[in-house]
Amino acid sequence: MAEVKLLAAWPSPFYYRVVWALKLKGIAYEFIEEDLANKSPLLLQYNPVHKKIPVLLHRGKPICESMIILEYIEEIWPQNSLLPSYPYDKAIARFWIKFADEKSPAIWMVFRTNGEEHEKAVKDSLEMLKTIEEHALGEKKFFGGDKINMVDIAFGQLAYWLPVIEDVTGVKLLEAGNFPRLQTWIKNFKQVPIIKENLPDRDEMFAFFKRRREMTLASK
Amino acid sequence: MADELVLLDFWPSPFGMRVRIALAEKGIKHEYREEDLRNKSALLLQMNPVHKKIPVLIHNGKPVCESLIQVQYIDEVWHDQAPLLPSDPYQRAIARFWADFVDKKIYELGRKIWTTKGEEQEAGKKEFIECLKLLEGELGDKPYFGGENLGYVDVVLVPFYSWFLAYEKCGNFSIEAECPKLIAWAKRCLQKESVSKSLPDQEKVYGFVLQLKKIFGIE
């Protein structure tokens, strides 16, 4: 029986956050695919509060919420550290992780809406990207410095899912603003071997999200 | 060299209260500075340029923002006194989960209760009580969420108790009638000086909410 199991669904960016963390630390795990349109009794048992993926099962005990899962993984398997050890630097890392979680939903609102809601989502997304460009990266290659860390993982959606959203909606957020640091980070992030080897297929993602957007807009 | 700590805060903020409690639990000397949120100080804007919000904890000139992050930072730096997070990683993940739950639900739902009316308010009240009941379930028979002593989740949640009277008056309902265990827990927390000195009086918060309603034209 696998010691570590991951209940998740393709192509959720939150699922990939956990995959990247586990792979960076060399932890073997069993992937249990969830059908989000038909949630399993297992998922409802292990995440009764939110009923969402990903859920990490370690020795049968569930941990929910992707960034909480990542902090847990970091504590149990400290090799190839994903957080600074010095408390102040850790606090700064956690600040940007929280920022990523709080503000990234705007790009999904761009994807999910049209009309006024869509315009607001575009504005919010641009503001978020501007803040990251001006305040978060500095002159470093990655948020983690020379190597990626939990902050890079938290912003991973922007490197790979956002470009797909841009293609599906036709809204070019990254080009619209002036984000040279962010654009460079995206390029470098996707080149990191563990990331490169663990990304969903671009064409499949595009087709999946294109269908989803059509269905969402049709139901409005 | 002595540690220099400044807390930029605003008296009715439940987020600020979390930090006050954590500092008090560990007996950490600090300077409290009240911010006027309609006229934010240059220091606040400099120390929290991204969000421009309180609380901001300035430790030897370096700012830490976001209350959950501040409480964890305080717990890590002053780890010898009154630990707030459990030592076991799994228990820590559980504590973080419930703190995150409080952050995602309680503030927004509470806000819905005092800023809306009719159907929207009713929906807010219903979900608010459901969330409190889930928290009661997590508390179980323990005196505190942290077990025998005040812990991370207690510090994160108890500040909202100072807003309960405001929610009840604006929403015309009784939280104690629905969640007696949670009220008993809150009163137990208030017996601790760190909590009682950090939370404003419920009547004072209610007065503040009434003022806000007037300013924003909310009935």
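Each protein sequence line maps, in turn, to chains A and B. For reference, each letter of the first sequence is one residue, going 1 to 220 in UniProt numbering. For reference, each letter of the second sequence is one residue, going 1 to 219 in UniProt numbering. Beta carbons are placed, not taken as given, at the ideal position from N, Cα and C, and that holds for glycine.
Can you tell me which residues form a DSSP beta bridge with Lys103(A)?
Counting from one through the first sequence, the residue named residue 103(A) turns up at place 103. Answer by DSSP bridge pairing: none, since Lys103(A) is not bridged.
Out of Trp114(B), Pro89(B), Glu25(B) and Tyr90(B), which has the shortest C-alpha to C-alpha gap to Ile74(B)?
Counted from its first residue, the second sequence places residue 74(B) at position 74. Measuring from the Cα of Ile74(B), the nearest candidate turns out to be Glu25(B).
Using a Cβ cut-off of 7 Å, which residues of the stretch 98-120 of chain B contact any Cβ in chain A, in chain order?
Within the stretch 98-120 of chain B, the residues whose Cβ lies closer than 7 Å to some Cβ of chain A are Asp100 and Phe101, listed in chain order.
Please report whether the beta-carbon of Val19(B) lies at a distance below 9 Å from any beta-carbon of chain A.
Working through the second sequence from its first residue, we reach residue 19(B) at position 19. Val19(B) does not count as touching chain A.
Compile a chain-ordered list of the residues in the stretch 69-93 of chain B whose CB is closer than 8 Å to at least one CB of chain A.
Within the stretch 69-93 of chain B, the qualifying residues are Ile69, Gln70, Gln72, Tyr73, Glu76, Val77, Pro89, Tyr90, Arg92 and Ala93.
May I ask you to report which of helix, strand or coil DSSP gives Phe142(A)?
Numbered from 1 along the first sequence, position 142 holds the residue referred to as residue 142(A). Three-state result, Phe142(A): strand.
Among residues of its own chain, excluding the 5 on either side of Lys133(B), which ones have a beta-carbon nearer than 7 Å to its beta-carbon?
Numbered from its first residue, the second sequence carries residue 133(B) at position 133. Excluding sequence neighbours, Lys133(B) sits near Cys179.
Using a Cβ cut-off of 7 Å, which residues of the stretch 53-70 of chain B contact any Cβ in chain A, in chain order?
The stretch 53-70 of chain B vs chain A, Cβ under 7 Å: Lys62, Val64, Cys65, Glu66 and Ile69.
Would DSSP call His118(A) helix, strand or coil?
In the first sequence, the residue the question calls residue 118(A) occupies position 118. Correct three-state label for His118(A): helix.
Could you give the C-beta distance for Ser162(B) and Leu199(B), rounded to a whole number, given that I count them as a contact under 8 Å?
As a position in the second sequence, residue 162(B) is number 162, starting the count at 1. As a position in the second sequence, residue 199(B) is number 199, starting the count at 1. Sure, about 4 Å apart at Cβ, within 8 Å.
So, for Lys190(A): in the same chain, excluding its five sequence neighbours on each side, which residues have a beta-carbon less than 8 Å away from its beta-carbon?
Looking up residue 190(A) in the first sequence gives position 190. Correct list, in chain order: Ala159, Tyr160, Lys196 and Leu199.
Can you check DSSP and say which residues form a bridge with residue 254(A)?
Because chain A in this structure spans residues 1 to 220, residue 254(A) falls outside the shown range and cannot be described.
Please classify Asn178(A): is it buried, with 16 or more other beta-carbons within 10 angstroms of its beta-carbon, or exposed?
Sequence index remark: in the first sequence, residue 178(A) carries index 178 (1-based). When all chains shown are included, Asn178(A) counts as exposed.
Just to make sure I have the definition right: I need the residues of chain B whose C-beta is within less than 7 Å of the C-beta of Ala91(A). Which are they?
Here residue 91(A) refers to the residue found at position 91 of the first sequence. Those are Val64, Ile69 and Tyr73, listed as they occur along chain B.
For Cys170(B), name the three-state secondary structure that DSSP assigns.
Here residue 170(B) is taken as the residue at index 170 of the second sequence, counted from 1. Helix at Cys170(B).
Tell me the DSSP bridge mates of Gly147(B)?
On the second sequence, residue 147(B) is found 147 positions in, with the first residue counted as 1. The partner list for Gly147(B) (beta bridge, DSSP) reads Tyr144(B).
Ignoring anything shorter than 3 residues or poking outside the UniProt domain "GST N-terminal" (2-81) of chain A, list the beta strand (DSSP E) runs there in chain order.
The UniProt domain "GST N-terminal" (2-81) of chain A contains these whole beta strand (DSSP E) runs: 4-8, 30-33, 55-58 and 61-64.
Let me check understanding here. Comparing Cα to Cα, which of Asn38(A), Leu174(A) and His135(A) lies closest to Glu49(B)?
On the second sequence, residue 49(B) is found 49 positions in, with the first residue counted as 1. Correcting the residue type first, residue 49(B) is Pro in the shown sequence and not Glu. Out of Asn38(A), Leu174(A) and His135(A), His135(A) has the C-alpha closest to the C-alpha of Pro49(B).
Do you know how far the Cα of Pro14(B) is from the Cα of Arg20(B)?
The residue you call residue 20(B) lines up with position 20 of the second sequence. The residue you call residue 14(B) lines up with position 14 of the second sequence. So the alpha carbons of these two residues sit roughly 10 Å apart.
My understanding is that Leu157(B) touches Val102(B), with C-beta atoms under 8 Å, so please give their C-beta distance in whole angstroms.
The count along the second sequence starts at 1 and reaches residue 157(B) at position 157. The count along the second sequence starts at 1 and reaches residue 102(B) at position 102. With a Cβ gap of about 5 Å, Leu157(B) and Val102(B) count as contacting.
Run down chain A in chain order and give the residues with a C-beta less than 8 Å from the C-beta of Pro180(B).
Reading the second sequence from its first residue, position 180 is the one you call residue 180(B). What Pro180(B) touches in chain A: nothing, since even the nearest Cβ is about 22 Å away.
Could you compute how far the alpha carbon of Lys62(B) sits from the alpha carbon of Ile54(B)?
Counting from 1 along the second sequence, the entry for residue 62(B) is found at position 62. Counting from 1 along the second sequence, the entry for residue 54(B) is found at position 54. Distance between the alpha carbons of Lys62(B) and Ile54(B) is about 15 Å.
Sort out for me which residues DSSP pairs Val64(B) with in a bridge.
Residue numbering aside, residue 64(B) sits at position 64 when the second sequence is read from its first letter. Leu57(B), per the DSSP bridge assignment.
Can you pull the chain B residues whose beta carbon is under 8 Å from the beta carbon of Ile68(A), in chain order?
In the first sequence, the residue the question calls residue 68(A) occupies position 68. Within 8 Å Cβ-Cβ: Ala93, Arg96, Phe97 and Asp100.
Considering Cα atoms alone, identify which of Pro163(A), Glu102(A) and Gln183(A) is closest to Lys141(A).
Within the first sequence, the letter at position 141 stands for residue 141(A). Here the closest residue by C-alpha is Gln183(A).
Cα separation between Tyr90(B) and Leu210(B)?
Within the second sequence, residue 90(B) is the residue found at index 90, counting from 1. Within the second sequence, residue 210(B) is the residue found at index 210, counting from 1. Using only the alpha carbons, I get a separation of about 42 Å.
Between the C-alpha atoms of Ile186(A) and Lys104(B), what's the straight-line distance to the nearest angstrom?
Translated into the one-based positions of the first sequence, residue 186(A) becomes position 186. Translated into the one-based positions of the second sequence, residue 104(B) becomes position 104. Their Cα atoms are separated by approximately 29 Å.
If we call anything under 9 Å between Cβ atoms a contact, is Leu83(A) one with Tyr72(A)?
Looking up residue 83(A) in the first sequence gives position 83. Looking up residue 72(A) in the first sequence gives position 72. No, the pair does not count as a contact, with Cβ atoms beyond the cut-off.
Kindly list the residues whose CB is nearer than 6 Å to the CB of Trp96(A), restricted to its own chain and excluding five residues on each side of it in sequence; keep chain order.
Taking the first residue of the first sequence as position 1, residue 96(A) is located at position 96. Closer than 6 Å at Cβ, skipping near neighbours: Ala136 and Val151.
Just to confirm my understanding: we take Ile107(A), look at its own chain, exclude 5 residues before and 5 after, and list those with CB closer than 6 Å. What are they?
As a working mapping, residue 107(A) is identified with position 107 in the first sequence. Around Ile107(A): Ser125, Leu162 and Ile165.
May I ask you to list the residues that DSSP assigns as paired with Tyr32(B)?
Locating residue 32(B) in the second sequence gives position 32, where the first residue counts as 1. Answer is Leu7(B), bridged to Tyr32(B).
Is the stretch 17-30 of chain A touching the stretch 50-68 of chain A, taking contact as three or more C-beta pairs under 8 Å?
Segments in contact, yes.
Is it buried or exposed for Gly217(B), if we count other Cβ within 10 angstroms and need 16 for buried?
In the second sequence, residue 217(B) corresponds to position 217, counting from 1. The residue is exposed, with fewer than 16 neighbouring Cβ atoms inside 10 Å.
Taking 9 Å as the cut-off, decide whether the C-beta atoms of Ile153(A) and Phe97(B) are in contact.
Along the first sequence, read from residue 1 onward, the residue named residue 153(A) stands at position 153. Along the second sequence, read from residue 1 onward, the residue named residue 97(B) stands at position 97. The answer is no: Cβ separation not under 9 Å.
What does a CB cutoff of less than 7 Å around Leu150(B) pick up in its chain, not counting 5 residues either side in sequence?
Residue 150(B) sits at position 150 when you count from the first residue of the second sequence. Around Leu150(B): Glu25, Tyr144, Cys189 and Lys192.
Looking only at its chain, what residues have a beta carbon closer than 7 Å to the beta carbon of Tyr32(B), apart from the 5 residues adjacent to it on each side?
In the second sequence, counting from the first residue as 1, residue 32(B) sits at position 32. These residues qualify, in order along the chain: Leu7 and Asp9.
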